[in-house]
Amino acid sequence: MVSSRFLTLALSASASVATALTTPARSETASAQCTKTLPQGRAPGNEYKIPYTDKEGRSRDYLLFLPPKYSTKSNNPIIFSYHGGTRTPESQRDLDRLETPYFNTDHIVVYLRGYEERWEGTPNITKRNDIEYTSNVLDDLEKTYCIDTNRVFMTGKSNGGGFVNYAACHKELSTRFAAFAPVSGSYYIEGAEGCNPKTVDIPCNPGRSNIPLIEFHGGIDGTIPYQGNPSRRGACLPDVFHWVTEWAVRDGLDEKACEKNITSRAQMYRWGSGDMKGLVTHVYEHDVDHSWPYTGVNADNKEHGDGPASYNASSYIMDFFSKHILA
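Read in order, the letters of the sequence shown are residues -20 to -1, 1 to 307 in mature numbering (1 follows the signal peptide of the UniProt record, and there is no 0).
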């Protein structure tokens, strides 16, 4: 664990980002009154392990975090966060730090558990239905807690980031989540062996148009290479910039992005113009490996020896989510 003193110093390095964040927009469902009381023994500012068994009888317990500013009088936004392959909900919580007040004080956060630590959409794994798992958990939470159904968001790392894309392309789930934020995602395309990662067709059939998406990737990612891979796990990994550009085109945006430096080492690419500017956004830092970008030490950059990054992905994720409400 990182000491609180080091955490404070690390976070202060990106304080300019935090102060630039916008105030989250309020939707009609957020302002609507809520009459649900918290279950006995639950209180804001705490994390709980929630039991769940899927229809195959497999245990898929998950973590639920109620933010300090959770309200029982109005509806609250919620984030689903998905861990990487061979990882756990606990490790994802420690990576994205969305339970820390620096990044989040008012969003419920849910950390789901992948069966055999993998997610649907990954080639050559035991069959599972994580679309159903996600939908069922969201249904259960909406029945129990005060949730703003117009501000339901999704993020994830690596294999979990791949599932974020899988869900964004799903006809039903894409209509229940307002915005998506994969980090170092594995965007597998099955049946495209020997593909050209820079030109491969990317199948995706969401249930709505104008889907907001922000993606983060490092230039020296040794696990999910930025340039893609024509054959990983028997499937194709597209070139990341090609993959993001295809999302922009799918959203009806021009394929040319506007580039700006967000630090001396990181660039942000935004597609769209006017009210649609940044509907699809990509953040790139060359010297980041397969790591969750963070200005301090975390398990990822410690393992890969590539950190710290020059920006905090979680700050930009929260800023992006604050700008998007499900219409």
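A virtual CB, placed ideally from N, CA and C, is assigned to each residue, including glycine.
Computed from a predicted model, the values in this text were never measured in an experiment.
Considering Cα atoms alone, identify which of the options is closest to residue i.
i: T33; options: Y42, G25 and N26; result: Y42
i: residue 315; options: C14, R77, D128 and P19; result: One cannot answer for residue 315 here, as it falls past the ends of the chain, which runs -20 to 307.
i: T15; options: K35, E27 and T52; result: T52
i: F221; options: M256, Q247, I59 and R212; result: Q247
i: E152; options: V180, T66, L259 and R188; result: R188
i: A237; options: D231, G254, G258 and Y28; result: G258
i: W307; options: S54, I204, F157 and D201; result: Per the sequence shown, residue 307 should be read as Ala rather than Trp. Nearest option by C-alpha distance: F157.
i: W223; options: S253, I169, D74 and V132; result: I169
i: K35; options: Q20, A12, V117 and I59; result: V117
i: N109; options: K303, G37 and I59; result: G37
i: T80; options: K240, V180 and S295; result: S295
i: M256; options: F300, F83 and E122; result: F300
i: Y62; options: R230, F143 and E283; result: F143
i: D231; options: K240, R212, V90 and S253; result: S253
Thinking C-beta only, is residue j closer than 8 Å to residue i?
i: L46; j: P24; result: yes
i: W99; j: N145; result: no
i: L217; j: S166; result: yes
i: residue 336; j: A159; result: There is simply no residue 336 to check, as the chain begins at -20 and stops at 307 in what is shown.
i: G199; j: P177; result: no
i: S154; j: A148; result: yes
i: N281; j: Y274; result: yes
i: G214; j: P31; result: no
i: F196; j: S164; result: yes
i: S71; j: A279; result: yes
i: W227; j: K137; result: no
i: C126; j: N56; result: yes
i: E96; j: T85; result: no
Under DSSP, the beta strand (DSSP E) around residue i begins and ends at which residues?
i: Q13; result: That residue, Q13, is in no beta strand (DSSP E); it is neither H nor E in DSSP.
i: G140; result: Premise fails: G140 lies in the alpha helix (DSSP H), N139 to A148, not in any beta strand (DSSP E).
i: R245; result: Neither: R245 is in no beta strand (DSSP E) and is coded neither H nor E.
i: I169; result: From DSSP, I169 is part of no beta strand (DSSP E); its letter is neither H nor E.
i: L92; result: I88 to L92
i: Y274; result: Where Y274 is concerned, there is no enclosing beta strand (DSSP E), given that its DSSP letter is neither H nor E.
i: C238; result: C238 to N241
i: T261; result: V260 to E265
i: V163; result: A159 to V163
Check for me: the alpha helix (DSSP H) holding residue i runs from which residue to which?
i: L121; result: D110 to T124
i: K282; result: A279 to H284
i: Q72; result: P69 to D76
i: M298; result: A293 to S302
Round the Cβ separation of residue i and residue j to the nearest angstrom and send it over; I've been treating them as touching at under 8 Å.
i: I88; j: Y50; result: 7 Å
i: C175; j: P210; result: 5 Å
i: W251; j: V263; result: Not really, about 13 Å apart at Cβ, beyond 8 Å.
### Task
Jot down the residue ranges of each uninterrupted beta strand (DSSP E) in the segment 183 to 235, minimum 3 residues, whole runs only, in chain order.
193 to 198, 209 to 212 and 215 to 217
### Query
Which full runs of the beta strand (DSSP E) of 3+ residues lie inside the segment 24 to 58, going along the chain?
26 to 30 and 42 to 46
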